[in-house]
Amino acid sequence: MTKLTGLKVTVAGAGALGLTTALELADGGASVTVRDPAPLGRNASGVAAGMLAPGSEAALDAVSAGDFDLLREARDLWPALAERAGIALDRSGAAYVGEHIGAVAAKLRGMGAKAAVYGDRVLISEDWRLSALEALTALRLACEDAGVRFEQTEAEAPADDETLILAAGPGGAALAPEIASLEPIKGHILRLSGGPDMGPVIRGDGVYICPDPQGAIVGATMERGLSNGDVDPARVAALRAAAEAILPELAGLDAKAETGVRAATADGLPLVGWSRAPRVLLAAGARRNGWLLAPLVARTAAAYLADEDPGPFAARLDPRRFDKQEG
Numbered sequence: 521m522t523k524l525t526g527l528k529v530t531v532a533g534a535g536a537l538g539l540t541t542a543l544e545l546a547d548g549g550a551s552v553t554v555r556d557p558a559p560l561g562r563n564a565s566g567v568a569a570g571m572l573a574p575g576s577e578a579a580l581d582a583v584s585a586g587d588f589d590l591l592r593e594a595r596d597l598w599p600a601l602a603e604r605a606g607i608a609l610d611r612s613g614a615a616y617v618g619e620h621i622g623a624v625a626a627k628l629r630g631m632g633a634k635a636a637v638y639g640d641r642v643l644i645s646e647d648w649r650l651s652a653l654e655a656l657t658a659l660r661l662a663c664e665d666a667g668v669r670f671e672q673t674e675a676e677a678p679a680d681d682e683t684l685i686l687a688a689g690p691g692g693a694a695l696a697p698e699i700a701s702l703e704p705i706k707g708h709i710l711r712l713s714g715g716p717d718m719g720p721v722i723r724g725d726g727v728y729i730c731p732d733p734q735g736a737i738v739g740a741t742m743e744r745g746l747s748n749g750d751v752d753p754a755r756v757a758a759l760r761a762a763a764e765a766i767l768p769e770l771a772g773l774d775a776k777a778e779t780g781v782r783a784a785t786a787d788g789l790p791l792v793g794w795s796r797a798p799r800v801l802l803a804a805g806a807r808r809n810g811w812l813l814a815p816l817v818a819r820t821a822a823a824y825l826a827d828e829d830p831g832p833f834a835a836r837l838d839p840r841r842f843d844k845q846e847g
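Position 286, counted from 1, in the sequence shown is what my numbering calls 806; the numbers after and before it change by one each time, with no gaps.
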């Protein structure tokens with residue numbers, strides 16, 4: 521038995537954060553129900569390329585520049601989760617081929633990341649990835665085997681005898697006021713009919729090419745404030761042009777465009793912890809690092825629910841941190 525044994529929990533959201541948290545809680549003995557009105561994979565987690573990339577995120581994304589320690593800790597939790605759920609991890613790393621090789625290499629080394637310059641590229645061995653849809657399916661099956669129930673409905677305010685964990689997108693402010701600090705960010709991704717099928721992710725400035733046996737994946741746009749699912753031909757054309765500038769052999773391949781909407785905070789880190797709303801716990805807002813952060817978010821949420829130490833990153837993930845800044 522654990523401190524979670526017998527607790528009644530509803531998790532709102534069946535993406536990477538929601539399913540990973542549900543599995544963590546069910547393994548600890550909680551009675552868990554996951555609610556999500558969308559079919560499996562019809563969310564940002566399903567559209568994603570499945571990056572587990574602390575090095576690239578901290579070195580290439582200004583929003584995540586100071587978070588390498590947290591991002592690497594999250595990645596280091598993945599082998600145990602992958603073994604638990606039967607998820608394959610690709611540890612081929614990434615290769616940065618943009619215009620700032622020297623600066624990127626220096627930044628990575630300054631953070632303590634593993635990086636090496638080879639000719640016209642920086643190899644970043646810190647970065648891993650997974651197949652997003654395969655991982656969602658594996659997590660769903662692992663949850664079901666652990667006794668988690670699934671309901672294709674919207675979440676509601678928690679009953680007196682349960683806890684609600686919000687692990688969905690930018691909606692839900694009626695259930696937890698802290699959700700109002702989340703901004704929608706729309707993203708386009710392209711799935712090509714060919715291209716590299718294995719090896720490191722190739723990263724340029726504002727674009728990546730992710731090898732995949734079913735066709736390379738090109739991503740991804742960051743369109744702040746947009747929450748619609750429409751495909752924008754101009755965005756697709758810009759992504760294609762950026763990818764073809766790096767790998768000209770991609771020209772002429774068929775491309776299927778998909779969109780997803782991420783939820784993001786101003787500092788790029790998720791909201792994890794108790795809401796001001798009674799019996800509501802937040803586990804949402806991971807921006808474009810939902811897959812990377814999922815096991816850390818799950819571990820932290822479980823610690824709060826068990827009334828245990830939430831760990832060294834609790835203050836940086838505190839759902840009320842933006843209230844404190846405003847005050």
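We put the CB at the ideal spot given by N, CA and C, even for glycine. Keep in mind the model is a prediction, meaning the values are calculated, not measured.
- For aspartate 725, same chain residues with a beta-carbon under 7 angstroms away, outside a window of 5 residues either side, are Gly618, Glu619 in chain order.
- For arginine 744, the closest of Ser795, Pro690, Ala550 by C-alpha to C-alpha distance is Pro690.
- Here arginine 555 is near threonine 673, since their CB atoms are less than 8 angstroms apart.
- Of the candidates Ala564, Trp648, Ala585, the residue whose Cα lies closest to the Cα of tryptophan 598 is Trp648.
- A distance below 7 angstroms between beta-carbons, with the five flanking residues on each side excluded, links glycine 667 to the following residues of its chain, in chain order: Ala546.
- When secondary structure is reduced to three states using DSSP, threonine 741 falls in the coil class, being assigned neither helix nor strand.
- Around the beta carbon of proline 753, fewer than 16 other beta carbons sit within 10 angstroms, so the residue counts as exposed.
- DSSP, read as helix, strand or coil, puts serine 576 in helix.
- Here the alpha carbons of proline 574 and leucine 591 stand approximately 5 angstroms from one another.
- In this structure, the beta-carbon distance from glycine 714 to leucine 653 does not fall below 8 angstroms.
- Where serine 565 is concerned, the enclosing alpha helix (DSSP H) starts and stops at 564-567.
- Annotation for arginine 604: the continuous alpha helix (DSSP H) segment containing it runs 598-605.
- Excluding the 5 residues flanking it on each side, alanine 700 has same chain C-beta neighbours closer than 7 angstroms at Ala693, in chain order.
- Between valine 567 and glycine 780, the C-beta gap is smaller than 8 angstroms, which places the two residues in contact.
- Straight-line measurement puts the Cα of aspartate 596 at about 11 angstroms from the Cα of alanine 602.
- Taking a contact to require three or more Cβ pairs closer than 8 angstroms, the stretch 788-806 and the stretch 830-846 qualify as touching.
- For glycine 538, the enclosing alpha helix (DSSP H) stretches over residues 536-547.
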